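Just so we're aligned: the sequence shown equals residues 18 to 236 in the numbering used here. Cβ atoms here follow ideal geometry from the backbone N, Cα and C, with glycine treated the same way. Being a predicted model, the structure only gives us computed values, none of them experimental.
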Amino acid sequence: MQLPFPSEHRFPLILAPMAGVSEAPYRQVCRRMGADAVLSEFLSSEAIRRRIRTTLEGAEFEPVERPIGIQIYGADPGAMADAARLITEHYQPEFIDINFGCPVKKVVQRNGGSGCLRDLDQVDRIIHAVIGATHLPVTAKTRSGWSDETRDPVGIALRMQDAGVRAFTLHARTRTQMFSGRADWDEIARVVDALDIPVFGNGDITSAADVVRMRDHTR
18 MQLPFPSEHR FPLILAPMAG VSEAPYRQVC RRMGADAVLS EFLSSEAIRR RIRTTLEGAE
78 FEPVERPIGI QIYGADPGAM ADAARLITEH YQPEFIDINF GCPVKKVVQR NGGSGCLRDL
138 DQVDRIIHAV IGATHLPVTA KTRSGWSDET RDPVGIALRM QDAGVRAFTL HARTRTQMFS
198 GRADWDEIAR VVDALDIPVF GNGDITSAAD VVRMRDHTR
């Protein structure tokens with residue numbers, strides 16, 4: 018399977034995008050420590066579209082951080098396409114990642130992040146819009162569903178693969194779980210079996226031993 022970034026490892030590791038954490042100094046440390054790729058903090062497509070300076074600064078990176086993905090979020094396909102186009106033209110990361118996973122209220126109440134999981138047709142439209150606006154690989158990060166009642170990680174993953182994403186990251190919790198309970202690594206394993214594109218597991222990785230356990234649990 019083709020990764021959206023160069024890597025010599027059979028089990029590549031990437032830095033998860035985290036607001037307030039995944040800034041340039043931390044990304045550089047992670048690259049020096051062996052991360053195969055890093056991601057920016059998630060950036061608002063509307064703010065990128067309006068060229069808000071502080072948001073655009075979040076898309077800046079040093080050459081030593083490559084390979085890097087820029088992560089964007091939003092509910093409007095047009096704004097997402099404009100953001101992808103600007104990022105492609107001005108920053109040229111290795112790939113663009115779409116955030117369908119953030120559970121924070123101020124993001125979800127505008128149907129961004131995991132709020133999109135309440136309307137999978139809109140998810141399709143967003144993915145198609147972003148892919149149509151860039152020549153870069155487009156990837157997606159999401160959760161297992163909005164709630165336990167709508168939990169369907171394999172169905173969601175297949176739908177995003179069919180829409181054209183080149184790699185898929187699953188945080189194996191629902192939005193309503195936020196960060197409580199345990200991530201269901203069995204769900205990651207089922208997604209790995211179902212998809213033909215690279216799958217990255219996310220959730221409850223706090224040590225090198227956890228990385229090995231997830232690898233063994235999901236491959």
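- Close CB contacts of residue 62 within its chain, under the 6 Å cut and outside five residues either way in sequence, are with 89, 91, 96, 97, 100 (chain order).
- Here DSSP, grouped into helix, strand and coil, assigns residue 193 to coil.
- Per DSSP, the unbroken beta strand (DSSP E) holding residue 114 starts and ends at 112-117.
- Contact check for residue 186 against residue 217 passes: the beta carbons are separated by less than 7 Å.
- Counting every other CB atom within 10 Å of its CB across the protein chains shown gives residue 22 a total of 16 or more, marking it as buried.
- Straight through space, the alpha carbons of residue 107 and residue 211 are spaced by roughly 36 Å.
- At the C-beta level, residue 18 and residue 215 come within 7 Å of one another.
- Beyond the five residues adjoining it in sequence on each side, residue 193 comes within less than 6 Å, by CB distance, of 164 in the same chain, given in chain order.
- In the DSSP annotation of this structure, the continuous segment of the alpha helix (DSSP H) that includes residue 105 starts and ends at 94-107.
- The alpha carbon of residue 146 has as its nearest neighbour, out of 109, 198, 115, the alpha carbon of 115.
- Under the three-state reduction of DSSP, residue 132 is assigned to helix.
- Here the alpha carbons of residue 135 and residue 127 stand approximately 12 Å from one another.
- Beta-bridge annotation (DSSP): residue 90 is paired with 61.
- DSSP places residue 121 in no beta strand (DSSP E); its state is neither H nor E.
- For residue 81, no alpha helix (DSSP H) run applies, since DSSP gives it neither H nor E.
- With respect to the 7 Å criterion, residue 132 and residue 125 are classified as neighbours on the basis of their beta carbons.
- Minimum Cα-Cα distance from residue 235 among the listed residues 189, 48, 198, 224 corresponds to 189.
- Here the alpha carbon of residue 171 sits roughly 23 Å from the alpha carbon of residue 121.
- A distance below 7 Å separates the beta carbons of residue 55 and residue 85.
- Separation of residue 150 and residue 102 (C-alpha to C-alpha, rounded to the nearest whole angstrom) is 5 Å.
- CA-to-CA, the gap between residue 204 and residue 161 works out to about 8 Å.
- Taking each of 129, 32, 176, 231 in turn and checking the Cα distance to residue 87, the smallest one comes out for 32.
- Beta-bridge analysis with DSSP links residue 156 to 114.
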